[in-house]
Amino acid sequence: MMSDAEDRLMVDLFRGYNSLVQPVRNKTELPMIIKIAMQLVLLINVDEKEQVMHTNVWLTLRWQDFQMRWDPKDYDGITQIRVAPDKIWLPDIVLFNNADGNYEVSFMCNALIHHSGDVLWVPPAIYKSSCIIDVEFFPFDDQRCSLTFGSWTVL
2 MMSDAEDRLM VDLFRGYNSL VQPVRNKTEL PMIIKIAMQL VLLINVDEKE
52 QVMHTNVWLT LRWQDFQMRW DPKDYDGITQ IRVAPDKIWL PDIVLFNNAD
102 GNYEVSFMCN ALIHHSGDVL WVPPAIYKSS CIIDVEFFPF DDQRCSLTFG
152 SWTVL
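Under the numbering used here, the letters of the sequence shown match residues 2 to 156, in that order.
Next comes the structure, spelled out in structure tokens:
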């Protein structure tokens, strides 16, 4: 249940907000800085024959949205809010070397927005990625598989 202050904050923040527009004041702020990290939760499978690695990961994405700033004093000291991802602009970070055509995260969890405009989004994802596997020296082989992430529109 939302408090009156949080309800008022949400109304104020999203008045005139367009989640389809990249949150920069002007073109000189482009390209936006998106900080990305990934935590491997589980290596589900490595298929040597199909040359595919199946992983469960948590992505961590951070960026600044200047439209999501507020003064906590005006909203009963609220310093952060949780927002559904379909309400805000999200970076179009995808796995370039996916092996199954699924470029996106698997669960659209809430984003955490700080009063300074810092946005933190940590969606879980299950990926199948292409991975060149050489088993010539099996069982004494080492394999290195990479996950290559980037923006789909800013190449």
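Note that beta-carbon positions come from the ideal geometry of N, C-alpha and C, so glycine has one too.
Boundaries (first-last residue) of the beta strand (DSSP E) holding L43: For the purposes of this step, residue 43 is identified with residue 42 of the sequence shown, where counting begins at 1. Residues K36 to D48.
Leaving out five residues before and five after L156 in sequence, what residues of the same chain have Cβ atoms less than 7 Å from its Cβ? Within the sequence shown, the letter at position 155 stands for residue 156. The predicted model places L156 with a pLDDT of 49, which falls under 50 and marks its position as unreliable, so this point remains unresolved.
Check for me: the beta strand (DSSP E) holding M69 runs from which residue to which? As a working note, residue 69 is residue 68 in the sequence shown. Unbroken beta strand (DSSP E) run through M69: V53 to R70.
Would you call the CB atoms of P86 and W59 closer than 8 Å? The count along the sequence shown starts at 1 and reaches residue 86 at position 85. The count along the sequence shown starts at 1 and reaches residue 59 at position 58. No.
Nearest-angstrom Cβ-Cβ length linking I134 and Q52, presumed shorter than 8 Å: To locate residue 134, count along the sequence shown from 1; it is residue 133. To locate residue 52, count along the sequence shown from 1; it is residue 51. 5 Å between Cβ atoms; contact.
Span of the beta strand (DSSP E) around V12: Looking up residue 12 in the sequence shown gives position 11. Counting along the chain, V12 falls outside any beta strand (DSSP E), though it belongs to the alpha helix (DSSP H) covering D5 to F15.
Ranges of the beta strand (DSSP E) found wholly within the stretch 68 to 155, counting only runs of at least 3: 81 to 84, 94 to 96, 112 to 115, 117 to 122, 125 to 131 and 150 to 152
Rounded to the nearest angstrom, what separates S152 and K36 at their Cα positions? As a working mapping, residue 152 is identified with position 151 in the sequence shown. As a working mapping, residue 36 is identified with position 35 in the sequence shown. S152 and K36: Cα-Cα distance of roughly 12 Å.
Please go through the same chain and pick out, in chain order, the residues whose beta-carbon is closer than 6 Å to the beta-carbon of A100, but skip the five residues on each side of it. Your numbering for residue 100 matches position 99 in the sequence shown. V53, K129, S130 and S131.
Closest Cα partner of I89 within the set A6, D66 and G78: Counting from one through the sequence shown, the residue named residue 89 turns up at place 88. Selected option, being the one with the closest Cα: D66.
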